[in-house]
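Visitor: Residue numbers (the numbering used here): 4 to 292. The beta-carbon is built from N, C-alpha and C at its ideal position, and this holds for glycine as well. Bear in mind that the values here come from a model prediction, so they are computed numbers and not experimental data.
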Ligand code: NAP
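Here it is in C-alpha cells:
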C-alpha cells in the first residue's frame with residue numbers, strides 16, 4: 004500500500020519504456036515487505052543534471068541510470084565510487100549527504116551472473132565482441148578478475164585500441180588485445196569464452212550476428228551474449244550449433260538490479276530470493292528455458 008511513508012526509486016534514461024527494472028525492484032520490495040515503489044522517468048536531452056538535482060530535492064531513495072546518461076550523470080553527483088570512476092560509467096545513484104553517490108553495478112552484476120552459470124574468468128583466454136559502454140565494463144571485469152588474455156574485436160579498431168589502452172593502464176595489466184572485427188580469422192587456433200557486447204542481434208534486428216562465419220564459432224566453448232531480448236540470439240544459436248554452451252544477458256540485468264537494491268536499502272538479497280525474482284522476470288518476458 005502506498006502511504007505517507009512510501010519511498011521512491013526509479014530509472015532515468017531515454018528511452019525507458021522498454022525497461023524490466025520495475026519488475027525486479029517492485030518484486031523485491033514486495034518480498035521483503037519494504038514500503039518502496041520503483042518507477043521509470045524519461046529524461047529529455049540536456050535535462051539530466053536538473054533531473055538529478057530534482058531527485059535529490061524530492062528525497063528519492065535511489066535511481067538507476069541508463070542509456071544515454073551513464074557517463075554524463077557523473078557531473079551531477081556529490082561522490083563517485085572508485086570502481087565506477089575507473090570504469091567511467093555510473094548506473095546506480097544512492098542518496099547521500101547533499102545529493103547522490105554514483106556506483107557501477109553492471110560489472111559486479113555480470114560477474115555474479117557468470118558465477119551463477121558456472122563461468123570462470125580467472126586464467127581464461129576470452130574473446131570480447133564490441134568496444135562500446137558495456138564492453139568497457141566487461142573488459143574491466145576480465146582484467147580485474149584475472150583473465151589471462153582478452154581479444155577485444157570491434158568494427159572500429161580505433162575505439163578498441165582506445166578502450167584496451169585505458170583498461171590496461173588502469174588495471175596495470177597488459178591483458179586486453181585490440182583487434183579489428185574483420186580480422187577474427189587471425190585468432191589463435193584454440194577454444195575461447197566469447198562475450199558478445201555489441202548491439203547487433205538486439206530486438207527487432209534478431210536475424211543478425213556480428214560474425215556469421217561458422218569457423219569462428221568452432222573456437223567458442225562458451226558464448227555469453229549481453230543481449231536478453233530475444234532470449235536466444237543468433238549469436239547464441241551459432242555457438243550452440245557448433246558445440247558450445249550459450250547464455251543470454253537476463254541474469255546480468257537481474258544482478259545489477261539486485262546489487263542496486265542492496266545499496267539503496269542496506270540489505271543483502273539471498274540467492275534463493277534472487278532466483279525467485281529471476282523466475283518472475285522470465286515469466287514477464289515469456290522466456291521458458
Ligand atoms: P554502445 O555503447 O552503443 O556500443 C555498441 C557496440 O556495438 C560497439 O562496439 C559498436 O561498434 C558495435 N556495433 C553496433 N552496430 C554494429 C554493426 N552493425 N556491426 C558491428 N558492430 C556494431 O552499446 P552498449 O551500451 O555497449 O550496449 C551493447 C549491448 O549490450 C546492447 O545490446 C545492450 O542491450 C546490451 N547490454 C545488456 C546489459 C544487461 O544487463 N544484460 C547491460 C548493458 C548493455 P563500433 O564501435 O564500431 O560502432
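(1) Within a Cβ cutoff of 6 Å, which residues of the same chain sit near residue 248, ignoring the five residues on either side of it in sequence?
(2) Is the distance from the Cβ of residue 254 to the Cβ of residue 220 below 8 Å?
(3) Using a Cβ-Cβ cutoff of less than 8 Å, which residues in the same chain neighbour residue 9 once the five nearest sequence positions on both sides are dropped?
(4) What does a CB cutoff of less than 8 Å around residue 237 pick up in its chain, not counting 5 residues either side in sequence?
(5) By the three-class DSSP mapping on this structure, what secondary structure does residue 50 have?
(6) Rounded to a whole number of angstroms, what is the C-alpha to C-alpha distance between residue 229 and residue 251?
(7) Spell out the partners DSSP gives residue 190 in its beta bridges.
(8) In the DSSP output, which residue or residues are listed as bridge partners for residue 125?
(9) Quick check: the Cα distance between residue 79 and residue 53, rounded to an integer number of angstroms?
(10) Expressed to the nearest angstrom, what Euclidean distance is found between the alpha-carbon atoms of residue 141 and residue 72?
(11) I need the DSSP call for residue 23, collapsed to helix, strand or coil.
(12) What are the residues that DSSP puts in a beta bridge with residue 293?
(13) Is residue 231 near the ligand NAP, in the sense that its beta carbon is under 7 Å from a heavy atom of that ligand?
(14) Restricting to Cα atoms, I'd like to know which of 195, 118 and 13 is closest to residue 155.
(15) State the Cα-Cα distance for the pair residue 30 and residue 189, rounded to the nearest angstrom.
(16) Between the Cα of residue 69 and the Cα atoms of 16, 57, 116 and 103, which residue gives the shortest distance?
Guide: Looking at the coordinates:
(1) Hits under 6 Å: 225.
(2) Residue 254 is not a Cβ neighbour of residue 220, given a cutoff of 8 Å.
(3) Answer for residue 9: 38, 39 and 40, listed in chain order.
(4) Excluding residues within five positions, the ones whose Cβ falls inside 8 Å are 204, 209, 210, 211 and 212.
(5) In the three-state DSSP reduction, residue 50 falls in the coil class, being neither helix nor strand.
(6) So the alpha carbons of these two residues sit roughly 6 Å apart.
(7) In DSSP, residue 190 forms no bridge with anything.
(8) Answer is none; residue 125 lacks a bridge partner.
(9) Taken atom to atom, the span from the alpha-carbon of residue 79 to that of residue 53 is near 8 Å.
(10) Rounded to whole angstroms, residue 141 and residue 72 show a C-alpha spacing of 18 Å.
(11) Residue 23 carries a coil assignment under DSSP once its states are collapsed to helix, strand and coil.
(12) As shown, the chain starts at 4 and ends at 292. That puts residue 293 outside it, with no answer to give.
(13) Yes; taking the cut-off as 7 Å, the Cβ of residue 231 has a heavy atom of the ligand NAP nearer than that.
(14) With respect to the C-alpha of residue 155, the residue from 195, 118 and 13 having the closest C-alpha is 195.
(15) Cα-Cα distance, rounded: 46 Å.
(16) Comparing Cα positions, the closest option is 16.
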